[in-house]
Amino acid sequence: MPHNAQQLSKAICMLFIGTVLANSLALGDPIRTDQVQDSEVAVSFFEAIDGEQIQVRFIPVDAFHGNILIHNQTDTPLTIQLPTAFAAVPVLAQLGGFGQGQQGFGQQAAGGGANQAVGGGVDQGGQAGGNNRNPGGFMRIAPDRPRKLKASTVCLEHGKPEPNPRIKYTIMPIDKYSSDERIAKLCSDLSQRKLPRNVAQAAAWRLANGLPWKEIASLNRMESKYLGNIRFFTAREIDQAKEFVDSFDQPTSERELTATR
């Protein structure tokens, strides 16, 4: 092959590879608000589910982590506005209502066998909380292609078994699960890493289930007659959780000042 032809072939090949990579990134990775083009029409995550534009599965990994699988069911690319917070509940639990478990962590609640509901948000990819100007963000999804997002979560029904991937969950807006704005704020802050997960979990059981702080502080992660008991939360984590919950009793301006410290 002549030298010029080889160069042309290589250039075409590199152009093709670059185009494929660019399209892959553009149609799959989370993007910021300032990266959304003026001509794009974004649809909210839950509106897209209701409109059957996307199919979504939430798969809990454990109490603190989950995966969100999104499939574009249309024949055109979609720009999805991701939720700042969400809840996910076992499918069978929807018939019995929410928030009934009140026993010790990891034990079976008397009211039924459903696993704990969880609340959380889309993982913000390791950005420091104060630097993330757009909780939730956007995602472009190509037609008929699945995408996976990681989520940070906490349990919302103390006393029921932990979430696990063998249980089928359904995802919903956080305000459909609870009208308490403090829980929505907790889930959003957790995903932005403004709240450490143990702090968020302690605050969640206080807000969602009304557990006394003394009981939360006494919960054991592990109990062993050989190794002794290991507390679920440290004293510092309990103090930070109390500070988060108490911040909602402050005036809005004072609360915003506290959050920036």
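For the sequence shown, the positions run -22 to -1, 1 to 239 when mature numbering (1 follows the signal peptide of the UniProt record, and there is no 0) is used. Using N, Cα and C, we set each Cβ at its ideal position, and we do this for glycine too.
Counterpart residues of residue i in DSSP-defined beta bridges
i           : result
PRO201      : In the sequence as presented, Pro is not what sits at residue 201; that position holds Glu. Looking at the DSSP assignment, GLU201 forms a beta bridge with ASN207.
MET133      : Here the sequence assigns Cys to residue 133, which means Met is not the residue at that position. In the DSSP output, where bridge partners are listed per residue, CYS133 has VAL96.
PRO68       : TYR147
ARG125      : ILE48
THR57       : ALA20 and ARG118
ILE216      : Paired residue(s): none; ILE216 is not in a bridge.
residue 240 : No answer is possible for residue 240: the residues shown for the chain start at -22 and end at 239.
Under 7 Å between C-beta atoms of residue i and residue j
i           : j      : result
residue 240 : ALA219 : Since the first residue shown for the chain is -22 and the last is 239, residue 240 is missing from the structure and cannot be characterised.
GLN94       : CYS133 : yes
MET117      : LEU185 : no
ARG175      : PHE24  : no
ARG125      : ILE48  : yes
PRO141      : VAL96  : yes
LEU173      : GLY98  : no
PRO121      : ASP53  : yes
ALA26       : ILE58  : yes
ASN207      : ASN198 : yes
As assigned by DSSP and simplified to three states, the class of residue i
i      : result
SER196 : helix
GLU221 : helix
VAL19  : coil
ARG160 : helix
VAL42  : According to the sequence shown, residue 42 is Phe rather than Val. It is coil, neither helix nor strand.
GLN31  : coil
PHE226 : helix
ASN142 : coil
GLN170 : coil
ALA63  : coil
GLN102 : coil
LEU189 : coil
Rounded separation between residue i and residue j - CA only
i           : j      : result
PHE226      : SER130 : 22 Å
ARG144      : THR62  : 26 Å
PRO68       : MET200 : 26 Å
ILE37       : ILE119 : 19 Å
ALA106      : ALA92  : Low confidence applies to ALA106: its pLDDT is 37, below 50, so where it sits in the model is not reliable, and the reading given next is rough at best. Cα to Cα, the separation comes out at about 35 Å.
GLU221      : SER196 : 18 Å
SER202      : TYR155 : 36 Å
PRO55       : LYS128 : 21 Å
GLN179      : VAL19  : 36 Å
GLU193      : ALA213 : 13 Å
SER166      : LEU205 : 36 Å
GLN102      : GLY44  : 13 Å
VAL177      : LEU164 : 10 Å
ASP28       : ASP217 : 40 Å
ARG209      : SER157 : 31 Å
LEU70       : ASP153 : 20 Å
residue 243 : GLN33  : Nothing about residue 243 can be read from this structure; the chain reaches only from -22 to 239.
Residue i versus the options, residue with shortest Cα-Cα distance
i           : options                           : result
GLU159      : PHE210, ARG123 and VAL223         : VAL223
residue 241 : PHE210, GLY115, GLU193 and ILE194 : In the structure displayed, the chain extends from -22 to 239; residue 241 sits before or after that span and is not available.
PHE64       : MET150, ILE32 and LEU168          : MET150
LEU189      : VAL96, TYR204 and GLU135          : GLU135
ASN50       : ASP167, VAL39 and GLN31           : GLN31
PHE39       : ILE58, GLN33, ILE27 and ALA66     : The question names Phe, but residue 39 in the sequence shown is Val. The shortest C-alpha separation from VAL39 is found at ALA66.
TYR147      : GLY29, ASP28 and ARG35            : ARG35
GLY137      : SER157, ILE152 and TRP183         : TRP183
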